[in-house]
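All letters in the sequence shown, in the order written, are residues 4 to 127 by this note's numbering.
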Amino acid sequence: MATILVVDDDEGVREFLEIALQNLGHRAVLTENSAQAQQWLQEHTPDLILMDLMMPGLNGLELGLWVHAQPKTRSVPIIQISALDDTPTQQDSLQGGAFDYLTKPIQPEILKSKLERALAWKNG
């Protein structure tokens, strides 16, 4: 069972991801903005982060850079989530350090595949 930090300002998305992750046998930690995520990350290290790209405060790219600048979370894979389904946005996310990119609405089978790939990479 992996611990997965979810950072998304949309309550419906957080609830969907919590159920989907639990159904896949993982533990979901839900935060609704970058400040909450940073606070949680000060004391915990997740196996993976699912992070919305467009959020108030630090956006997903900025928070991703912060996560990878911290010694204990440097190697945690991040999957960026966005309703934006265009190549430049996806490229920006990947060049900014995201492991992968997931578009909304989130399809459960695609989520499962991307999670498996990211967790396999992390676990080596």
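Every residue gets a Cβ at the ideal spot worked out from N, C-alpha and C, and that includes glycine. Since the structure is predicted, the reported quantities are computational estimates derived from the model, not experimental observations.
Worksheet entry | Closest residue to residue 20 among 82, 101, 99 and 75 (Cα-Cα distance) | Working through the sequence shown from its first residue, we reach residue 20 at position 17. If we check each option's Cα against that of residue 20, 82 comes out closest.
Item to complete: Report the three-state DSSP secondary structure of residue 116 (helix, strand or coil).
Response: Within the sequence shown, numbered from 1, the residue matching residue 116 stands at position 113. It is helical.
Worksheet entry | Burial state of residue 105 (16 or more Cβ within 10 Å) | Working through the sequence shown from its first residue, we reach residue 105 at position 102. That one is buried.
Item to complete: Please work out which residues of its chain come closer than 6 Å, Cβ to Cβ, to residue 85, disregarding the five sequence neighbours upstream and downstream, and give them in chain order.
Response: Within the sequence shown, numbered from 1, the residue matching residue 85 stands at position 82. Only 56 meet the Cβ criterion.
Item to complete: With DSSP as the reference, label residue 73 as helix, strand or coil.
Response: Locating residue 73 in the sequence shown gives position 70, counting from the first residue. Here residue 73 sits in coil by DSSP.
Worksheet item: Taking buried to mean at least 16 other C-beta atoms within 10 Å of its own C-beta, is residue 54 buried or exposed?
Response: Counted from its first residue, the sequence shown places residue 54 at position 51. Residue 54 comes out buried.
Worksheet item: For residue 54, which residues does DSSP report across the bridge?
Response: As a working mapping, residue 54 is identified with position 51 in the sequence shown. Paired residue(s): 10 and 83.
Discussion item. Which residues does DSSP list as the beta-bridge partners of residue 106?
Written reply: Indexing the sequence shown from 1 puts residue 106 at position 103. DSSP lists 85 as partners of residue 106.
Worksheet item: Three-state secondary structure (DSSP) at residue 5?
Response: Along the sequence shown, one-based indexing puts residue 5 at 2. Residue 5 falls in the coil class under three-state DSSP.
Discussion item. Can you give me the C-alpha to C-alpha distance between residue 51 and residue 37, rounded to a whole angstrom?
Written reply: Stepping through the sequence shown from its first residue, residue 51 is reached at position 48. Stepping through the sequence shown from its first residue, residue 37 is reached at position 34. Rounded to whole angstroms, the gap between the alpha carbons of residue 51 and residue 37 is 15 Å.
Fill in: For residue 34, the residue or residues it bridges with in DSSP
By 1-based counting over the sequence shown, the position of residue 34 is 31. Bridge partners of residue 34: 10.
Worksheet item: Looking at C-alpha atoms only, which residue of 79, 80, 35 and 68 is the closest neighbour of residue 58?
Response: Taking the first residue of the sequence shown as position 1, residue 58 is located at position 55. The option with the nearest alpha carbon to residue 58 is 35.
Worksheet item: Per DSSP, what kind of secondary structure is residue 100 in: helix, strand or coil?
Response: Position 97 of the sequence shown, counted from the start, is the residue given in the question as residue 100. If DSSP states are grouped into helix, strand and coil, residue 100 belongs with coil.
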